[in-house]
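Numbering-wise (our numbering), the sequence shown opens with residue 4 and increments by one.
For each residue, glycine too, the CB sits at the ideal point set by N, CA and C.
Remember, predicted model here, so these are calculated numbers, not experimental data.
Note sheet for the following structure.
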Amino acid sequence: MIHHFSVRFVLVFIACLASSHLCLAYTFHWEIDQTLDGTEEATLIEPVKVVLSGQAVEVASHSASLFLKQKYSVHLNSAWSAEQAHGLLQTFESIPQNTNDPSEAELTVQPSVWRISQRHIENDIEIKIVNGQRVVTIAEEAFTYARPLMAEIDGVRGHFFSKRLHRAVVRFVTDNGASREVLEHILFERYGISLQVDYRELTRNTTQEGASRFMSFKDEELLAIISMLEESPKGMLHTPGLDYMVRRLDGTPHPFYPQAPAVAWPQAGYIEFAESAFKSQGLDYMHRLIVHEKAHFLWEHLFDEQLKRDWIELGGWYFQDTCQEGDSLLGLVDCERWSTTKQTEFVSAYAHAHDPNEDMAESISDYIVNPDKLRSRSPAKYEFIQNRIMHGTRYISQIREDLTFEVYNLYPDNVYPGRIIRVDIQVDGKPKEDKEVTIEIELHNEGDQDTAQASAVRVYSERGTSFDIWLYPIDSNGHWVETSHILRGHETLSKYAAAGYWRPTQISLRDPQGNERHGGQNDFGWGLYLDNPLADDTAPQYVPGSMKLSLSEGSERGRAYQILTATWDVIEENGVTFVFAYANDEIEDTYSRLAEYGTFDPKTNKARVDLIIPDYFPSGRYEINYVNMQDDALNRGGVYFTRPGHDLRDEPEAIDEKPASIQIKTTRPDTAPPVLDLNNIKISAVPTKPEKPDGETIVDISFRVKDNISGYRNTGLYLRDPQGTEHHFWHGGPDQYNIYFVGDPTVYKTYEKTIVLPVGSIPGTWGLAEMNVSDKAHNVLRANFTEIVRFEVSEASAKPVADAWYGLPLSQNWPNPFNSQTTISYFLNRSGSVRLDVWALNGQRIAVLREGKAAAGRHSLVWDGLDRHGREVASGVYLYRLITDQGVFTQKLTLIK
């Protein structure tokens, strides 16, 4: 529920307190000139009621187990029901893969024996080799919604199902992701995405980089990507305009957007992922990020202008393309940017801080992965996506039932923090001295529920440098408290920091219950000015060729470890605040290792970082691929170190200095994640005031972990409340800050975590959504306990789709083979967007033959064997692919010269 009110702002004063013609302090004061009434509240949502008819969608009467055996060499034991066998067959049929040829005596697919289990299994599937044969155990719970069930939501009939079994079978078909050829085949055939890239060509109009800045995806990363691409409605399995995905080198940031975990380039046809998209992240975060980046292509290539205009209006967005007189002088607004009149109807601060495109991408990602969050933050946006984009398809995220608990509260706090009504800023210090900055904000006060907890604010200079300041809640005496209507922070800035006005793009406020308010530049007044005549605008510079690596030894409780030290020369006049470096080993499945908290010696102008190498780190070559330095003025300088890379041209190209490297030998390398006993996680919850519950609840969680070598380190736990808000907690092992584990890591040990949910917590069913368990070697086990279940309306407009066709709309070219030209024909049963292109078998696009709108009916065109640059294509076998809103269809052709 939202209480609307009009707001007007007044700037009271900006003053310079002078002494001997020098400003000793700048003060700024702003407040609203009108008293506000009322509060703004999140919508308290009810669980979606799904009425299942108990009747599955009718299936054919043939024996699914027989087809599985004949076509896929899958042998089911006697415990399988006919319904389970059919669900497995349907899933196998949906995954592009090799199959047995009934005309051949020899099997193409090696046999496997499948068992079904009632126990919880990691990723729902376990594959073992027993006496030379693959034995597969799959969790029975993966079949609950594998076959669509007839269901009804809000009087609308449809099919209710999930893709959980699909994820498990993809793991089997790809050997848990180890079979890269099969993974790439699935990506290309089912989703139209290639991983085979000419990097120079692909980035020609974007970042202009070569193969040395990129690497191959890790197995688990591609499995996560496939799982989320599969969650799209059938008519959207192929993403319009998305042809490639690429992965940046571990430890290296994006050259334009260093904080971005991924960047979508809809015009260039690709998405790039950085290491930060996956390293130390949970599956929920990864899944939302993948959907988010895909959504940018829908905005660019699928949504019409009317839909975009309606979304812009719904979000209160407007484009501010001119500055009013005096605005730039005061540093109050950022000209030529999107802004919104709304502060609370967003699933994230990121969605609010940018533009309608990012708002849409964030909203769609939560619509699929965590829909309750969008339902509670903005029911209108939820309904917009449901009706205008998904054509009625809905998603429900369910948490494993035995990991849920109830919270009771007669007076829940769903009130957003109050609006900012006052800002006071003071800057103390002479022009050629360091500056002491104090910032205080006050929120509108309607009672105890519209307070905020400590919040971090990033403040930018006009040159783009920034600092973070924490605003802490204080009481009337200035003492820190948990929440308050007044927040204050202090920061010391160097006399070399950028001169002029500094400002935040956004102030985000949050309370302990997860209610969030986001204030944009036009929602509050701001004036932070630094009179710094000594301002330094030059970032620290690395001296080429100065990187040196060395090894030394250390010990902990008598157990030895090695220390990798990196040193390099720096050109910097005024001092360095921090340095850090990213080191990589040779193991493809490991992530970079961060050596932080480095030092800088101003006498020698040398930077130094140390990375501890215990005996459980991998052996082999270690090298530094990226270093970052920040000076006292907050200027940052980063340097890439990469080896000449190879792409489809197979021509090595160097664009950076080669990395310094060193050989390291360890005795007990550990590259396997810890083991979490999925069948022994226990959770209980008790209200602290059962006679008059107020939401304060004691939650006890116990779990068992073991590890093969390095030992257990810590676990990230994510509780999800009925509003879809996630609450993050850490559990650390008793020796998590030690280098070496104390005790026998290979023996299961039970750990316990007690969490006290605050007063005002949302009542209803909560659940443990995710656990990320780490060992000391930085290997991570990701256990996600949610299942995305989909409801597709029976009359969904996404039909017909590729899976429903028994004949392909893309005909075989004629003649085939051909020498000079060949004719390709295709049929559309309705008008729509079409793209027909030719691809090499290595995944490189050769030519685009047709792109644009096409009428229903039969179409033919001639290809003359030339690529998109007008050059003759070499003899060989090629793929031609038709992309429509009905699906993706592929055929082969042969060119002979």
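With respect to the alpha helix (DSSP H) encompassing residue i, which residues constitute its N-terminal and C-terminal limits?
| i | result |
| --- | --- |
| methionine 363 | 359-372 |
| phenylalanine 387 | 382-387 |
| lysine 311 | 308-317 |
| glutamine 73 | 67-75 |
| arginine 203 | 202-205 |
| arginine 183 | 183-194 |
| isoleucine 742 | No alpha helix (DSSP H) holds isoleucine 742; DSSP gives it neither H nor E. |
How big is the Cα-Cα spacing for residue i and residue j?
| i | j | result |
| --- | --- | --- |
| methionine 393 | leucine 305 | 12 Å |
| tyrosine 3 | leucine 784 | Since the first residue shown for the chain is 4 and the last is 900, residue 3 is missing from the structure and cannot be characterised. |
| glutamine 106 | glutamine 73 | Before going further, note that residue 106 is serine rather than glutamine in the sequence given. Whole-angstrom Cα-Cα distance: 11 Å. |
| aspartate 358 | lysine 345 | 12 Å |
| serine 381 | threonine 30 | 38 Å |
| arginine 905 | serine 197 | The structure shown has nothing for residue 905, since the chain only spans 4 to 900. |
| asparagine 775 | alanine 786 | 6 Å |
| isoleucine 132 | aspartate 178 | 12 Å |
| leucine 885 | glycine 846 | 15 Å |
| leucine 55 | alanine 149 | 14 Å |
| tyrosine 600 | proline 99 | 48 Å |
| glutamine 916 | aspartate 613 | With the chain running from 4 to 900 in the structure shown, residue 916 is simply not present. |
| serine 814 | valine 159 | 38 Å |
| threonine 728 | glutamate 44 | 14 Å |
| leucine 720 | glycine 557 | 33 Å |
| glycine 238 | tyrosine 564 | 55 Å |
Would you say residue i faces chain E, with C-beta separation under 8 Å as the test?
| i | result |
| --- | --- |
| isoleucine 616 | The displayed structure is made up of one protein chain only, and chain E is not part of it. |
Using beta-carbon positions only, say whether residue i and residue j come within less than 8 Å of one another.
| i | j | result |
| --- | --- | --- |
| phenylalanine 163 | glycine 90 | no |
| lysine 900 | asparagine 822 | yes |
| threonine 396 | proline 236 | yes |
| glutamate 1 | threonine 46 | Summary: the structure shown does not reach residue 1, with the chain confined to residues 4 through 900, and so no result is reported for it. |
| valine 573 | phenylalanine 603 | yes |
| threonine 897 | serine 400 | no |
| alanine 67 | isoleucine 128 | no |
| glutamine 524 | threonine 486 | no |
| leucine 869 | valine 876 | yes |
| serine 115 | histidine 169 | no |
| tyrosine 288 | glycine 272 | no |
| arginine 118 | alanine 142 | no |
Should residue i go down as buried or exposed, given a rule of 16 or more other Cβ atoms within 10 Å for buried?
| i | result |
| --- | --- |
| tryptophan 733 | exposed |
| valine 60 | No answer about valine 60 holds up, because its pLDDT of 48 lies below 50 and its placement is not dependable. |
| proline 507 | buried |
| phenylalanine 892 | buried |
| proline 420 | buried |
| tryptophan 33 | buried |
| lysine 895 | exposed |
| leucine 110 | exposed |
| phenylalanine 259 | exposed |
| valine 483 | In the sequence as presented, valine is not what sits at residue 483; that position holds tryptophan. Under this definition tryptophan 483 is an exposed residue. |
| glycine 905 | It is not possible to answer for residue 905, since the shown part of the chain is limited to 4 through 900. |
| lysine 695 | exposed |
| glutamine 666 | exposed |
| isoleucine 428 | buried |
| glutamine 309 | exposed |
| lysine 685 | exposed |
| glycine 735 | exposed |
How far does the beta strand (DSSP E) with residue i in it reach, from first residue to last?
| i | result |
| --- | --- |
| glutamine 726 | Unbroken run through glutamine 726: none, as it is neither H nor E. |
| alanine 267 | 265-268 |
| glutamine 666 | 664-667 |
| aspartate 471 | 469-476 |
| isoleucine 704 | 700-709 |
| tyrosine 829 | 825-831 |
Measuring only from the beta carbon, is residue i closer than 7 Å to any heavy atom that is part of the ligand SAM?
| i | result |
| --- | --- |
| alanine 858 | The ligand SAM is absent from the structure shown, which contains no ligands of any kind. |
query: Touch check for the region 472-491 and the region 403-418: three-plus C-beta pairs under 8 Å?
result: no
field: Given 8 Å, three or more beta-carbon pairs between the region 638-646 and the region 538-556
entry: yes
Meets three-Cβ-pair contact criterion under 8 Å: the region 853-866 and the region 831-845: yes
task: Indicate whether the contact test is met: 3 or more Cβ pairs, each with one atom in the region 737-756 and one in the region 706-716, closer than 8 Å.
output: yes
message: Taking contact to mean 3 or more Cβ pairs, one atom from each stretch, closer than 8 Å, check whether the region 527-542 and the region 422-440 are in contact.
response: yes
message: With three or more beta-carbon pairs closer than 8 Å as the criterion, would you say the region 251-270 touches the region 202-217?
response: yes
Three-pair Cβ contact test at 8 Å for the region 577-590 versus the region 622-634: yes
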